[in-house]
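Residue numbers (the numbering used here), protein chains in the order written: chain A, 1 to 193; chain B, 1001 to 1146. For each residue, glycine too, the CB sits at the ideal point set by N, CA and C. Model, not experiment: these values are computed from the prediction.
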Amino acid sequence: MMRAAIAATAILLTGCATDRVVLLDNEPGHPVGAIAVLDDERGETVLDTANTQARLGASGARVSALARPDPSFDALMATLPADVSRFDIPFPVGDADILSVQQSIIDQINSAVGERPPGVQIEVAGFTDSTGDEGSNNALSMERARAVAEALRAGGISIEDGDIIGRGEYDAQAALGDGVSDESYRRVTVIVR
Amino acid sequence: MSMKKLAAALAALATLLTMSPAWAEIGRVRNVVGDVQVVRGERTVAATSGFRLEQGDVVVTGRSGRAGILFLDNTRAAVGPGSRVSLDEFRYDRARQSGSFVTSVYRGSIGVVSGNIARSGRDNMRVRTPTSVLGVRGTRFVVEVG
């Protein structure tokens, strides 16, 4: 009885021997990335090659290569929702006035919404390049997002107020540094998810 | 307090203010196959497409249930049959697209394509299992428990 209890406790503590994490290939054109099994005592174990796995347990991670991905992964990954759809709308320097949101963009967004199951979320995010200061860029990016959201709403697309976002110059700063004029960041990105 | 420290404190405060509050939406259930339920505190509700998830929700699938979830940071997740997955922490600054994301897989399986939070800093996205903690550094992976 005592022995059984000790064995049961040991199983609880070590976890099930079948627990594992498997790093898969990324979608075409994107790097594989990595997964780390974090362990303060033994140090981390990093998987950075596609189709490698780490068996997980209290006694540490055991890494091995898979000859091929398990067929059950296909069924699981087939349940993933479709990736978000993105639509970029460019803006002139320092300006939040759109000349017009083209009907073709509205049509494309509507068609992306129609391809998805009910309960679609539409995010409208404004960006600026990294010229000018952070505060005014935050304000300008929000004005741009509001301008596009209003045009889309007028075109019959439903957008919640909380999904209208000003992302300022943060993306441009991270990619190009401060004070760089770059038209690719003077935009609003509409995300359908 | 030096100007530098004051600026740092103000920046931290601004980040806190723009972080989503605990009760706010963190993502939506998008695909549902079979029996999929969400446990929120004392309540359990059947999830349908468009169901809005919050931090602390636990997604539970039946023996042939499966669920696809899209999070606000564009992370995509698939929860396999017979699973119990807790969305422990999801803090996301939607302006800076950075934050932290912690999920626990108690049983079953989850497949993930990581998004902006994982990209925003080393191990900002973590997945816990009964024995281990995983730091997600991108991008597509599967975790199985039990």
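If we cut at 8 Å on Cβ distances, does B:Ala1067 have a partner in chain A?
Yes, its Cβ sits closer than 8 Å to a Cβ of chain A.
So, is A:Asp39 buried or exposed, given that buried needs 16 or more other C-beta atoms within 10 angstroms?
Counting C-beta atoms within 10 angstroms of its own C-beta, A:Asp39 has fewer than 16 neighbours from the protein chains shown and is therefore classed as exposed.
Could you tell me how far apart the beta carbons of B:Val1143 and B:Ser1109 are, in whole angstroms, since I believe they sit closer than 8 Å?
Contact flag correct, Cβ pair sits at about 7 Å.
Out of A:Leu47, A:Asp25 and A:Val120, which one is the CA nearest neighbour of B:Phe1071?
Its Cα nearest to that of B:Phe1071, the residue A:Val120 stands out among A:Leu47, A:Asp25 and A:Val120.
Tell me which residues of the segment 1121-1146 of chain B have at least one Cβ-Cβ distance to chain A shorter than 8 Å, keeping chain order.
Against chain A - using a Cβ distance shorter than 8 Å - the residues of the segment 1121-1146 of chain B are Asp1123, Arg1126, Val1127, Thr1129, Pro1130, Thr1131, Ser1132, Val1133, Leu1134, Gly1135, Val1136, Arg1137, Gly1138, Thr1139, Arg1140, Phe1141, Val1142, Val1143, Glu1144, Val1145 and Gly1146.
So the beta strand (DSSP E) B:Tyr1106 belongs to, where does it begin and stop?
In this chain, the beta strand (DSSP E) harbouring B:Tyr1106 covers Ser1098 to Val1113.
Indicate the three-state DSSP secondary structure (helix, strand or coil) for A:Pro117 in the structure shown.
Shown here, A:Pro117 sits in coil according to DSSP, grouped into three states, outside any helix or strand.
Where does B:Val1044 land, buried or exposed, given buried means 16+ other C-beta within 10 angstroms?
In the sequence as presented, Val is not what sits at residue 1044 of chain B; that position holds Thr. The residue is exposed, with fewer than 16 neighbouring Cβ atoms inside 10 Å.
Inspect the CB distances between the segment 66-81 of chain A and the segment 1065-1083 of chain B and report whether three or more fall short of 8 Å.
Yes: at least three Cβ pairs fall under 8 Å.
Within its chain, find whatever has a CB closer than 6 Å to the CB of B:Asn1031; leave out the 5 residues flanking it on each side and keep chain order.
For B:Asn1031, where only same-chain residues beyond five positions count, the Cβ hits under 6 Å are Gly1068.
When the cut-off is 8 Å and only beta carbons count, does A:Asn26 lie next to chain B?
At a cut-off of 8 Å, the C-beta of A:Asn26 has a neighbouring C-beta in chain B.
Would you mind stating whether A:Ile159 and A:Val113 have Cβ atoms separated by less than 8 Å?
For A:Ile159 and A:Val113, no; Cβs fall outside 8 Å.
A:Asp133 burial status per 10 Å Cβ neighbour count (16 or more: buried)
Flag for A:Asp133 reads exposed.
Does the count of Cβ pairs from the segment 175-182 of chain A and the segment 102-117 of chain A closer than 8 Å reach three?
The segment 175-182 of chain A vs the segment 102-117 of chain A: no contact.
State the CB to CB distance for the pair B:Tyr1106 and B:Pro1130, rounded to an integer number of angstroms; the pair is presumed to be in contact (CB under 8 Å).
That pair is a contact at about 7 Å.
Coarse secondary structure for B:Glu1042, derived from DSSP in three states
For B:Glu1042, the three-state secondary structure derived from DSSP is coil.
Answer yes or no: does any C-beta atom of chain A fall closer than 8 Å to that of B:Val1033?
B:Val1033 has a beta carbon lying within less than 8 Å of a beta carbon in chain A.
Three-state secondary structure (DSSP) of B:Asn1074
Coil.
Measuring only the C-alpha atoms, how far is B:Thr1061 from B:Leu1087?
Cα to Cα, the separation comes out at about 14 Å.
Mapping the DSSP letters down to three states, classify A:Asp97 as helix, strand or coil.
Note: A:Asp97 maps to coil in three-state DSSP.
Just to check my reading of the structure: B:Ala1095 and A:Gly135 have Cβ atoms closer than 8 Å, yes? What is that Cβ distance to the nearest angstrom?
A:Gly135 and B:Ala1095 do not touch by the CB rule: their CB atoms are close to 12 Å apart, not below 8 Å.
Going along the chain, which residues of its own chain have a beta-carbon closer than 8 Å to the beta-carbon of B:Ala1022, five neighbours each way excluded?
In this prediction, B:Ala1022 scores a pLDDT of 48, lower than 50, which makes its location untrustworthy; no coordinate-derived value is stated.
Residues in the segment 1037-1066 of chain B with C-beta within 9 Å of chain A's C-beta atoms, listed in sequence order?
Across the segment 1037-1066 of chain B, CB contacts with chain A closer than 9 Å involve Thr1048, Ser1049, Gly1050, Phe1051, Arg1052 and Arg1066, in sequence order along the chain.
Could you confirm whether any beta carbon from chain B is found closer than 8 Å to the beta carbon of A:Thr52?
Not a single CB atom of chain B sits nearer than 8 Å to the CB of A:Thr52.
B:Arg1030: beta carbon under 7 Å from a heavy atom of the ligand ATP?
In terms of ligand content, the structure shown is empty, and the ligand ATP therefore cannot be addressed.
Cutting at 8 Å between CB atoms, please list the residues of its own chain near A:Ile157, excluding the five before and the five after it.
Answer for A:Ile157: Ile106, Ile109, Asn110, Val113 and Ile122, listed in chain order.
Just to confirm, are B:Phe1141 and A:Leu76 a CB contact at a threshold of 8 Å?
Against a cut-off of 8 Å, the Cβ pair of A:Leu76 and B:Phe1141 comes out as no contact.
Determine the closest residue to B:Arg1063 out of B:Arg1076, B:Arg1052, B:Ser1083 and B:Gly1050, with distance taken between C-alpha atoms.
Nearest option by C-alpha distance: B:Ser1083.
Euclidean distance between Cα positions of A:Ile11 and A:Ala149:
Residue placement at A:Ile11 cannot be trusted, given a pLDDT of 49 that sits under 50; what the coordinates show is reported in the next sentence. Spanning the two alpha carbons is a distance of roughly 55 Å.
Report the residue from A:Arg146, A:Val93 and A:Asp97 whose alpha carbon sits nearest the alpha carbon of A:Thr131.
Closest by alpha carbon: A:Val93.
Comparing alpha-carbon positions, which option in B:Ser1114, B:Asp1093, B:Val1085 and B:Asn1124 lies nearest B:Phe1101?
Closest option to B:Phe1101, Cα to Cα, is B:Asn1124.
For A:Glu143, which option in A:Gly126, A:Ala151 and A:Gly155 has the closest C-alpha, if you only look at C-alpha atoms?
Distance from the Cα of A:Glu143 is smallest, within the candidate group A:Gly126, A:Ala151 and A:Gly155, for A:Gly126.
B:Asn1074: which of B:Ile1117, B:Arg1040 and B:Gly1121 sits nearest, CA to CA?
Relative to B:Asn1074, the option among B:Ile1117, B:Arg1040 and B:Gly1121 whose CA is nearest is B:Ile1117.
Proximity of A:Val90 and A:Arg187 at Cβ, strictly below 8 Å:
According to the sequence displayed, residue 90 of chain A carries Pro and not Val. If you check the CB distance, A:Pro90 and A:Arg187 come in under 8 Å.
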